[in-house]
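From first to last, the protein sequence lines are chains A and B. As numbered in our numbering, residues 35 to 399 make up the first sequence, in order. As numbered in our numbering, residues 490 to 820 make up the second sequence, in order. C-beta: ideal position from N, C-alpha, C; glycine also.
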Amino acid sequence: MDVMPKWAEVVLVPLISLLLAAILSALVILAIGEDPIAAVNLMVTGALGSTYGWGYTLYYATNFMFTGLAVAVAFHAGLFNIGGEGQAMLGGLGVALVCLFIPWPHWTIAVLAATVGAAVFGALWAAIPAYLQARRGSHIVITTIMFNFIAAAVLNYMLVNILRPAGSMDPATERFPEAVHLPSLHDLLTPFGIAFSKAAPANVSLVIAVIACVLVWVLIWRTPLGLEIRSYGKSHRAASYAGIGAVRITMIAMLISGGLAGMMAINNVMGEAERLVLNAVEGAGFIGIAVALMGRSHPFGVFLAAILFGFLYQGGAELALWTSIPRELIVVIQALVILFTGALDNMVRMPLERIFLAIRRGGTT
Amino acid sequence: MTLMQKFLGATAGLALSAGAALAEPALIFDLGGKFDKSFNEAAFNGAQRWSEETGNSFREIELQSEAQREQALRRFAEAGANPIVMAGFAFADALGQVAADYPETKFTIIDMVVDAPNVRSVVFNEHEGSYLVGMMAAKASESGTVGFIGGMDIPLIRKFACGYAQGVKAANPDATVVANMTGTTPAAWNDPVKGSELTKAQISQGADVVYAAAGGTGVGVLQTAADENILSIGVDSNQNYLHPGKVLTSMMKRVDNAVYQAFTDGSDMETGFNVMGLANGGVGYALDDNNASLVSAEMQAAVDAASAQIASGELVVHDYMSDDSCPALNF
Numbered sequence: 035m036d037v038m039p040k041w042a043e044v045v046l047v048p049l050i051s052l053l054l055a056a057i058l059s060a061l062v063i064l065a066i067g068e069d070p071i072a073a074v075n076l077m078v079t080g081a082l083g084s085t086y087g088w089g090y091t092l093y094y095a096t097n098f099m100f101t102g103l104a105v106a107v108a109f110h111a112g113l114f115n116i117g118g119e120g121q122a123m124l125g126g127l128g129v130a131l132v133c134l135f136i137p138w139p140h141w142t143i144a145v146l147a148a149t150v151g152a153a154v155f156g157a158l159w160a161a162i163p164a165y166l167q168a169r170r171g172s173h174i175v176i177t178t179i180m181f182n183f184i185a186a187a188v189l190n191y192m193l194v195n196i197l198r199p200a201g202s203m204d205p206a207t208e209r210f211p212e213a214v215h216l217p218s219l220h221d222l223l224t225p226f227g228i229a230f231s232k233a234a235p236a237n238v239s240l241v242i243a244v245i246a247c248v249l250v251w252v253l254i255w256r257t258p259l260g261l262e263i264r265s266y267g268k269s270h271r272a273a274s275y276a277g278i279g280a281v282r283i284t285m286i287a288m289l290i291s292g293g294l295a296g297m298m299a300i301n302n303v304m305g306e307a308e309r310l311v312l313n314a315v316e317g318a319g320f321i322g323i324a325v326a327l328m329g330r331s332h333p334f335g336v337f338l339a340a341i342l343f344g345f346l347y348q349g350g351a352e353l354a355l356w357t358s359i360p361r362e363l364i365v366v367i368q369a370l371v372i373l374f375t376g377a378l379d380n381m382v383r384m385p386l387e388r389i390f391l392a393i394r395r396g397g398t399t
Numbered sequence: 490m491t492l493m494q495k496f497l498g499a500t501a502g503l504a505l506s507a508g509a510a511l512a513e514p515a516l517i518f519d520l521g522g523k524f525d526k527s528f529n530e531a532a533f534n535g536a537q538r539w540s541e542e543t544g545n546s547f548r549e550i551e552l553q554s555e556a557q558r559e560q561a562l563r564r565f566a567e568a569g570a571n572p573i574v575m576a577g578f579a580f581a582d583a584l585g586q587v588a589a590d591y592p593e594t595k596f597t598i599i600d601m602v603v604d605a606p607n608v609r610s611v612v613f614n615e616h617e618g619s620y621l622v623g624m625m626a627a628k629a630s631e632s633g634t635v636g637f638i639g640g641m642d643i644p645l646i647r648k649f650a651c652g653y654a655q656g657v658k659a660a661n662p663d664a665t666v667v668a669n670m671t672g673t674t675p676a677a678w679n680d681p682v683k684g685s686e687l688t689k690a691q692i693s694q695g696a697d698v699v700y701a702a703a704g705g706t707g708v709g710v711l712q713t714a715a716d717e718n719i720l721s722i723g724v725d726s727n728q729n730y731l732h733p734g735k736v737l738t739s740m741m742k743r744v745d746n747a748v749y750q751a752f753t754d755g756s757d758m759e760t761g762f763n764v765m766g767l768a769n770g771g772v773g774y775a776l777d778d779n780n781a782s783l784v785s786a787e788m789q790a791a792v793d794a795a796s797a798q799i800a801s802g803e804l805v806v807h808d809y810m811s812d813d814s815c816p817a818l819n820f
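Have a look at this one:
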């Protein structure tokens, strides 16, 4: 039986981690002579105080949902895919090619094709490390992170030499045609009488991200393949004894993972920028790791954690705009949250488990 | 949990009292950072000068990545900042989208032209200023070989290089110009290590004067030139003070004046297309105590004569961006 009740595991551990990160961040802000209460206040109003703020928070959250799901699926198979960054970059290339070179009559068809394009490019980028892991035993952590650099170089090359329109100085593709413009939340909510900010980039991809969360849940817990993935992740040897092929599961899990990471591009490339720029991913591939860890690799947890990180991202951007807190320190604050919620999980969990054990002993004797 | 509740309660209370209106001007720096000692810093200095003279404050932001350009623009426009000045050609596309959504807000873009009724586009004749420092480089060089180190390889930087090479050839037709670019992406604006390596490579090819037109990368170029005991030429801001007696001069691109002017004109600014050249003080070369000993009277006389000729239109320096080719330099 588990040491902690389920609610403590799901609610208490992340909350305490978050609180610790908040306290440390407050100390950091105090140390540079700014007011931490005012800073939190600014983050909350900036990220959640207006439909404009919500629009950006949800936009970032959409990115993190895709990359968080990508990491979560690989986690279930016991694989640590930290190449979400590169897979999402390549996904962007897929979206750009689909949108630029095929004349689409309407965005509904274009978004389906772009989703496929993004997923295929992302999955292909994940396929090489997956193959190397499955067949050659090259460690997937090393290969996926190295593939991030290769992806950045590929994108540099494509944008500087091939996709940059003639006469332009900025290494970016030209704008996608008007027909593939994705409706923003403003466009979607206006028919319902809800006035949502026109300027915010949150768009229909959010709906696709939520659908992806549901589909991943179905896949992992309601299909035979999901069972195979989970059993392989729990114990490789037991799984192979049960006739589950290691190569097959590694490849499938990584292809799904890479595809999900790539699909992020329909949000940031097709939905927001409407062209492919350098650094379009903005670190979302790495945030996805923290999102999956915090969300316990469960799609619903990923959904919530993605919104939290969307809030942190947008709140951080607001801090950079309206205070003299330098941008490096904002990165420090975001990193503290990632550190506590993602990496230092056991620091909170173990004392908590001890407390619960003590309570239980106290109850039985 | 009570602590958490108090914490949240306090923020909710404060949240209600926040959100003051604002009509301050705003400045957006491009990648490379505000204190790059060059382009962005020139923009900052102009804003700072305006702020000191008028006693008013302004808003500013440093970008962290390419993808943030549109958000920074929209956020300032949404908050009512007016005018909004952005330093850098790369804002053109984002501004083209945003300007139409905020017709009441005035925008100024430096180094690029955006055709919209509420946008002022300021471009500089960098080839003219580069021509002058090219003449000085050729006159100061003993080896007959001078170097050029550009930031990102784009037509704008080639325009610097081409003007420079023309100036060099005008002063010494037999001189050799070695030109290198730091990279092909915006990261090339802030890579002092690579700038330093390129400087060493150019020194090994015989260069004894190196002109850096590379934003923050130039800091590495100037440092290495000073360490290796050759002369360097700074760009955009006056960089003579960085290594006194080692920096021959700086090609001044008065980005500070453009920002200052935009802030002074405020929300009633005249929009349209502004060209800042030698004739109206938009570009020039820097002369101060730090480099006085390096610039001979003969050198100064020759450069001032050329400057007057260019300003009057008597001497035309070829602009690389007019036809994407350079008569004095092959890239």
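Whole-angstrom distance between residue j and residue i, CA atom to CA atom
i	j	result
residue 511 of chain B	residue 561 of chain B	Residue confidence is low: residue 511 of chain B scores 49 on pLDDT, short of 50, so the model does not pin down where it sits. Its coordinate-derived value is still stated next. Roughly 16 Å separates the two Cα atoms.
residue 203 of chain A	residue 674 of chain B	10 Å
residue 304 of chain A	residue 85 of chain A	21 Å
residue 490 of chain B	residue 53 of chain A	Unreliable placement is indicated for residue 490 of chain B, whose pLDDT of 35 sits below 50; the coordinate value is still reported in the next sentence. Computed Cα separation, rounded: 10 Å.
residue 676 of chain B	residue 728 of chain B	21 Å
residue 381 of chain A	residue 310 of chain A	41 Å
residue 534 of chain B	residue 695 of chain B	36 Å
residue 754 of chain B	residue 115 of chain A	53 Å
residue 770 of chain B	residue 175 of chain A	56 Å
residue 880 of chain B	residue 734 of chain B	For chain B, the structure presents residues 490 to 820; residue 880 of chain B sits outside this window and is missing.
residue 385 of chain A	residue 334 of chain A	26 Å
residue 681 of chain B	residue 713 of chain B	10 Å
residue 182 of chain A	residue 543 of chain B	48 Å
residue 572 of chain B	residue 67 of chain A	30 Å
residue 658 of chain B	residue 699 of chain B	15 Å
residue 589 of chain B	residue 726 of chain B	32 Å
residue 781 of chain B	residue 730 of chain B	11 Å
residue 73 of chain A	residue 349 of chain A	9 Å
residue 276 of chain A	residue 266 of chain A	10 Å
residue 558 of chain B	residue 394 of chain A	55 Å
Three-way DSSP call (helix, strand, coil) for residue i in this model
i	result
residue 707 of chain B	helix
residue 823 of chain B	What the structure shows of chain B is the stretch from 490 to 820, and residue 823 of chain B is not part of that stretch, so it cannot be assessed.
residue 455 of chain B	With chain B running from 490 to 820 in the structure shown, residue 455 of chain B is simply not present.
residue 668 of chain B	strand
residue 346 of chain A	helix
residue 44 of chain A	helix
residue 224 of chain A	helix
residue 725 of chain B	strand
residue 239 of chain A	helix
residue 686 of chain B	helix
residue 518 of chain B	strand
Nearest-angstrom Cβ-Cβ length linking residue i and residue j, presumed shorter than 8 Å
i	j	result
residue 295 of chain A	residue 151 of chain A	Actually they are not in contact, since the Cβ atoms of residue 295 of chain A and residue 151 of chain A sit about 14 Å apart, beyond 8 Å.
residue 736 of chain B	residue 723 of chain B	6 Å
residue 603 of chain B	residue 621 of chain B	Actually they are not in contact, since the Cβ atoms of residue 603 of chain B and residue 621 of chain B sit about 29 Å apart, beyond 8 Å.
residue 134 of chain A	residue 185 of chain A	Rounded, the Cβ-Cβ distance is 19 Å, inconsistent with contact.
residue 81 of chain A	residue 345 of chain A	5 Å
residue 549 of chain B	residue 518 of chain B	7 Å
residue 219 of chain A	residue 230 of chain A	5 Å
Beta carbon proximity, residue i to chain C, threshold 9 Å
i	result
residue 194 of chain A	The structure shown has no chain C; the protein chains it does contain are A and B.
Handout entry: Contact between the segment 286-295 of chain A and the segment 247-264 of chain A (3+ Cβ pairs under 8 Å)
Key = yes
Problem - Contact between the segment 629-642 of chain B and the segment 665-673 of chain B (3+ Cβ pairs under 8 Å) - result: yes
Handout entry: Cβ-based contacts, 7 Å cut-off: residues of the segment 642-653 of chain B near chain A
Key = 643, 644 and 645
Practice task
Using a Cβ-Cβ cut-off of less than 8 Å, give me the residues of the segment 668-700 of chain B that come near chain A, in sequence order.
Solution key: 673, 674 and 675
Problem - Validate contact between the segment 239-251 of chain A and the segment 98-105 of chain A using beta carbons, cut 8 Å, 3 pairs - result: yes
Problem - Cβ-based contacts, 8 Å cut-off: residues of the segment 578-595 of chain B near chain A - result: 578, 579, 581, 582 and 590
Exercise for the section: Identify each residue in the segment 294-309 of chain A for which the Cβ-Cβ distance to at least one residue of chain B is less than 9 Å, and report them in chain order. Expected result: 302, 306, 307, 308 and 309
Practice task
Check distances from the C-beta atoms of the segment 203-214 of chain A to those of chain B and list, in chain order, the residues that come in under 8 Å.
Solution key: 203, 204, 205, 206 and 209
Problem - Three CB pairs or more closer than 8 Å across the segment 161-179 of chain A and the segment 610-620 of chain B - result: no
Exercise for the section: Inspect the CB distances between the segment 704-720 of chain B and the segment 513-530 of chain B and report whether three or more fall short of 8 Å. Expected result: yes
Exercise for the section: Indicate whether the contact test is met: 3 or more Cβ pairs, each with one atom in the segment 801-813 of chain B and one in the segment 651-662 of chain B, closer than 8 Å. Expected result: yes
Practice task
Give, in chain order, every residue of the segment 363-388 of chain A whose Cβ lies closer than 7 Å to some Cβ of chain B.
Solution key: none
Handout entry: Against chain B: residues of the segment 313-334 of chain A by CB proximity under 9 Å
Key = 313, 314, 315, 316 and 317
Problem - Interface positions of the segment 608-629 of chain B facing chain A (Cβ-Cβ less than 8 Å), listed along the chain - result: none
Problem - the segment 549-561 of chain B: positions lying closer than 8 Å to chain A by Cβ - result: 550, 551, 553, 554, 555, 556, 557, 559, 560 and 561
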